[in-house]
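Here is the structure we will look at.
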Amino acid sequence: MVNYGLLLAGTCGIVWYLRRLSLRLHGNHPAATPRNAPIPEELDNVSYSHINMLNGIPTKPTMRGYVVVGGSGYVGKYIVKLLLMRGETSVRIIDLDSPSEFTENPSVSFIRADVTDAQKIREAISKPFDSTGKAPEVIFYTVALIRFWERASYCFGASYNVNVLGMKNALDAVHDMSPPPLFIFTSSAETAIPSPRIGRLGLDWNSPPYNTVTISDYDPPLVDPYAPTTCYSRTKSMAEDLVRAANGKNGLKTAILRPGFSITGPNDRAITGTLLMKQTPVFDKLWSHTNVCVWDVAAAHLMCEEALETKPEEVAGEAFLISGNPPAWRMRDMRNAAKYYSKKPITLVEVSPLLIYFLAHFVEAFLFLRYHILRPLSWFLGFKPTLNPRWMGELVYLQPATLKYFTDVHIDDSRARKVLGYRPQWDTAQVIRYAVEEVQSGKTRSTHGLQLKSF
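Numbering (the UniProt record's numbering), first residue to last: 1 to 455.
Encoded structure:
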């Protein structure tokens with residue numbers, strides 16, 4: 001016999017939960033203080049022509065030998081540009097991809113090496129410079145496999161092999177160098193941001209660490225169940241542990257930089273993705289973040305180098321959050337500003353966050369089942385199932401781990417400004433205009449951080 005009272009209570013409970021979930025997905029944290037949407041007159045007055053990045057770094061060339069592991073990548077490329085801008089003459093890029101824009105520069109050399117190959121990365125890092133005959137004196141390690149959309153254990157190995165084992169191989173190589181170089185690791189602010197528990201409906205916003213949107217170096221380390229859960233952030237945290245443990249061994253001095261919330265500029269995810277995608281789905285429009293220009297991230301590395309050398313007692317073995325100038329911007333306002341500056345039409349399509357929430361869980365469940373069904377078959381058919389089926393395209397990004405953007409994050413990097421002397425030169429509106437004009441003028445390649453690589 002049907003218990004209609006129980007059925008009615010269950011239905012009401014589901015409706016109540018869905019209503020509260022929808023409110024959580026649409027609403028800002030009570031402590032969030034994003035800036036108001038910029039008006040056209042403000043956007044028209046934005047200029048970046050006066051910015052001189054030499055104002056944000058030690059300007060005198062050190063004439064040291066620099067190695068940028070991952071120097072063909074997003075952050076690494078801008079570190080190389082800054083080193084050359086201030087007159088350094090011994091810069092080595094280690095990467096899998098050739099740095100096309102530096103091939104004609106005699107101050108830059110390139111060694112193709114995979115960080116997961118211990119022997120090759122050891123040889124590439126420790127090799128003396130042909131120009132000086134000296135071993136490298138500063139290592140900027142920027143390599144990362146950024147699979148931000150994954151959290152399942154069967155996906156973990158892909159991120160672990162590059163982000164953790166690759167780091168171990170690099171540190172092993174550096175340990176054997178005498179004297180040891182300075183070692184600066186580009187991590188991510190994600191390692192310090194509590195994992196958003198959307199299913200809690202915001203009911204945990206009154207208790208730490210969810211009672212604030214401000215993240216700083218003075219916060220206690222995150223532990224379960226508050227620690228980030230994505231494969232990318234977990235492996236970044238593990239790599240940070242290796243870097244801290246290496247500090248002081250055989251005189252090695254290490255430091256960690258945590259840029260975030262996102263790194264913006266030409267070829268980034270947020271701005272350039274909006275410019276290049278045929279249609280940009282919008283389901284995160286109200287959430288606000290403080291982001292950082294890629295130029296400022298590069299400058300922070302050079303400031304960290306100087307501080308690690310001159311005051312190691314404050315810097316060695318430490319991690320520093322790095323962000324841009326406040327206030328925080330909503331995702332909606334960033335995309336609208338990019339649309340305003342764009343010379344080409346941009347189509348922004350609003351999608352229900354509640355629909356995205358359930359679709360993301362469906363995609364994750366489908367990929368999980370697909371992999372574990374194909375895995376036994378692969379033993380007989382002689383193929384290994386990929387983590388990202390090519391036919392799904394960018395739909396694989398739509399998983400619960402990606403919804404970490406459904407949160408307000410205001411980063412307080414005052415410690416980096418005080419200890420490292422970090423001085424960001426860009427504000428958000430300037431970065432948006434710069435990125436749009438660089439991409440649409442053809443000065444930078446037409447790619448963005450949401451383009452998929454097969455694994």
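We put the CB at the ideal spot given by N, CA and C, even for glycine.
Since the structure is predicted, the reported quantities are computational estimates derived from the model, not experimental observations.
Closest Cα partner of residue i within the set the options
i	options	result
Leu96	Leu374, Val69 and Ile322	Val69
Thr290	Asn55, Glu394 and Ser323	Ser323
Thr407	Pro424, Val143 and His29	His29
Ala192	Tyr218, Ala170 and Pro180	Tyr218
residue 463	Phe358, Ala144 and Glu313	With the chain running from 1 to 455 in the structure shown, residue 463 is simply not present.
Ala328	Thr444, Asn36 and Ala365	Asn36
Gln425	Glu104, Phe185, His50 and Pro34	His50
Lys343	Ser126, Asn388, Asp284 and Ala435	Ala435
Leu395	Glu364, Val294 and Tyr371	Glu364
Thr103	Lys127, Pro128 and Lys77	Lys77
Pro326	Val292, Tyr357 and Ala338	Val292
Thr59	Pro38, Tyr48 and Leu84	Leu84
Gly133	Met331, Gln440, Gly65 and Val349	Gly65
Thr33	Leu171, Leu82, Thr212 and Arg258	Thr212
Lys443	Asn267, Leu355 and Arg417	Asn267
Asp174	Ile198, Ala118, Gly13 and Val409	Sequence check: residue 174 is Val here, not Asp. Nearest option by C-alpha distance: Ala118.
Pro61	Val46, Gly87 and Tyr48	Gly87
Glu437	Ala298, Trp379, Phe140 and Gly265	Gly265
Ile139	Pro376, Ile121, Phe156 and Leu381	Ile121
residue 493	Ala299, Leu275, Val315 and Asn206	Since the first residue of the chain shown is 1 and the last is 455, residue 493 is not available in this structure.
Ala298	Cys12, Leu82, Val351 and Leu8	Leu82
Thr142	Val439, Met331 and Glu240	Glu240
Where the beta strand (DSSP E) through residue i begins and ends
i	result
Ala319	Ala319 to Ile322
Asp241	Counting along the chain, Asp241 falls outside any beta strand (DSSP E), though it belongs to the alpha helix (DSSP H) covering Cys231 to Ala246.
Tyr66	Tyr66 to Val69
Arg423	Per DSSP, Arg423 belongs to no beta strand (DSSP E) and is neither H nor E.
Ile94	Val91 to Asp95
Leu348	Leu348 to Glu350
Asp412	His410 to Asp412
Ile139	Val138 to Tyr141
Pro281	Thr280 to Val282
Per-residue burial, residue i [other beta carbons within 10 Å of its own, 16 or more giving buried]
i	result
Trp391	exposed
Ala245	exposed
Ile346	buried
Trp287	buried
Tyr4	exposed
Gln399	buried
Lys236	buried
Arg375	exposed
Ser187	buried
Same chain only: Cβ atoms within 8 Å of residue i, ignoring 5 sequence neighbours per side
i	result
Leu201	Tyr17, Arg20, Leu21, Leu23 and Arg24
Phe368	Ala152 and Tyr154
Tyr340	Pro40 and Leu43
Tyr371	Tyr154, Pro385 and Leu387
Val108	Val80, Leu84, Val91, Arg92, Ile93, Pro99 and Phe102
Thr116	Asn161, Val162, Leu165, Gly166 and Asn169
Lys311	Val419
Asn250	His175, Ser178 and Pro180
DSSP bridge partner residues for residue i (one or two, in chain order)
i	result
Ala255	Ile184
Val292	Ile263
Trp329	His289
Span of the alpha helix (DSSP H) around residue i
i	result
Ser378	Pro353 to Leu381
Asp114	No alpha helix (DSSP H) contains Asp114, which DSSP labels as neither H nor E.
Thr272	Ala270 to Leu276
Ser22	Tyr4 to His26
Ser216	Premise fails: Ser216 lies in the beta strand (DSSP E), Thr214 to Ser216, not in any alpha helix (DSSP H).
Tyr160	Phe156 to Tyr160
Asp44	Pro40 to Asp44
Leu83	Tyr74 to Met85
Asp172	Gly166 to His175
Glu88	Run containing Glu88: none; DSSP gives neither H nor E here.
Pro128	First-last for Pro128: undefined, no H or E at that position.
Val315	Pro312 to Val315
7 Å Cβ shell around residue i - same chain, five flanking residues per side excluded
i	result
Phe148	Thr230, Tyr232, Ala401 and Thr402
Ala124	Ile94, Ile111 and Ala113
Ile146	Tyr232
Asp204	Arg197 and Tyr210
Val46	Ala429, Gln430 and Arg433
Ala337	Pro38, Leu43, Ala429 and Ile432
Own chain residues within Cβ distance below 6 Å of residue i, not counting five before or after
i	result
Asp413	Leu321, Ile322 and Ser323
Arg423	Gly56
Glu190	Pro228 and Ser233
His410	Val213, Thr214, Thr290 and Ala328
Lys127	none
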